[in-house]
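In the working numbering, the protein residues as written are 10 to 246. Ideal placement from N, C-alpha and C gives every residue a C-beta, glycine not left out. Structure record follows, encoded as structure tokens.
Right, here's the structure in full:
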């Protein structure tokens with residue numbers, strides 16, 4: 010496993026503690042349902058080799074079958090260590106798992122795989138999200154993208170009582186306070202700034218239009234809670 014990293018700034022508690030990250034994302038977005046759905050989508054056509062970038066805490070691997078070859082990239086070494094522990098405990102199912110502490114923009118190192126998952130990353134890297142998608146499409150025949158329709162509390166519902174309560178309270182907080190909460194406890198990954206992430210001013214229709222522009226057919230777009238999933242497939246002659 011590579012140890013070279015480009016991580017720089019302060020990370021919120023969420024990105025410093027895998028347990029806290031999983032706790033929050035499960036209550037806000039129902040990670041169990043979300044990744045169970047994504048696992049079925051990335052392997053729906055018999056795919057065996059999956060690239061997950063960035064892989065976060067490896068939640069996808071919990072729902073993949075043992076015969077799947079899984080590779081995950083992430084700059085957060087704490088998250089990667091969590092995946093290794095979960096794999097040793099049998100929580101992560103694939104027998105063949107490769108983890109790399111790598112920048113997802115190191116396009117030249119992408120392996121040839123059957124499917125790539127891009128989950129909750131495009132809104133972190135705006136406006137480079139289009140470039141990433143186009144580069145990823147060159148190393149695979151299928152890309153599954155899952156992105157929030159919005160990252161603004163007034164346009165999000167949340168999951169369960171706690172998730173809905175957090176979103177409700179967030180709608181009445183000034184942006185200055187939201188930025189502080191984000192920096193200390195929220196989506197601050199230590200790499201991509203709040204200013205960058207807050208530009209993800211998408212809506213249901215706007216995100217569908219983006220998916221369409223990158224070659225995703227209307228019948229391959231699905232709504233799951235506060236997320237919109239799109240499946241790109243390489244055209245075969």
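Tell me which same chain residues have a C-beta within less than 7 Å of the C-beta of residue i, skipping the five on either side of it?
i	result
residue 104	75
residue 231	238
residue 101	67, 70, 71, 92 and 95
Which residues in the same chain have their Cβ closer than 6 Å to the Cβ of residue i, if we skip the five residues on either side of it in sequence?
i	result
residue 229	240
residue 60	80, 122 and 125
residue 127	154
residue 55	none
Can you grab the Cα-Cα spacing for the pair residue i / residue j, in whole Å?
i	j	result
residue 194	residue 184	15 Å
residue 182	residue 190	10 Å
residue 222	residue 145	15 Å
residue 37	residue 63	19 Å
residue 77	residue 186	43 Å
residue 106	residue 214	37 Å
residue 90	residue 111	14 Å
residue 12	residue 88	Residue confidence is low: residue 12 scores 33 on pLDDT, short of 50, so the model does not pin down where it sits. No coordinate-derived value is stated.
residue 133	residue 149	22 Å
Round the Cβ separation of residue i and residue j to the nearest angstrom and send it over; I've been treating them as touching at under 8 Å.
i	j	result
residue 66	residue 27	5 Å
residue 48	residue 72	4 Å
residue 93	residue 69	With a Cβ gap of about 15 Å, residue 93 and residue 69 do not count as contacting.
residue 216	residue 156	6 Å
Kindly identify the DSSP beta-bridge partner or partners of residue i.
i	result
residue 107	80
residue 156	237
residue 125	60 and 152
Residue i CB to nearest chain E CB: under 7 Å?
i	result
residue 209	The chain inventory of the structure shown lacks chain E, comprising one protein chain alone.
In chain order, what residues of the same chain lie with their CB nearer than 8 Å to the CB of residue i, ignoring the 5 residues before and after it?
i	result
residue 137	114
Exercise for the section: Counting only runs of 4+ residues fully inside the segment 170–236, write out the alpha helix (DSSP H) ranges in chain order. Expected result: The DSSP assignment places complete alpha helix (DSSP H) segments of no fewer than 4 residues inside the segment 170–236 at 184–193, 203–206 and 213–222, in order along the chain.
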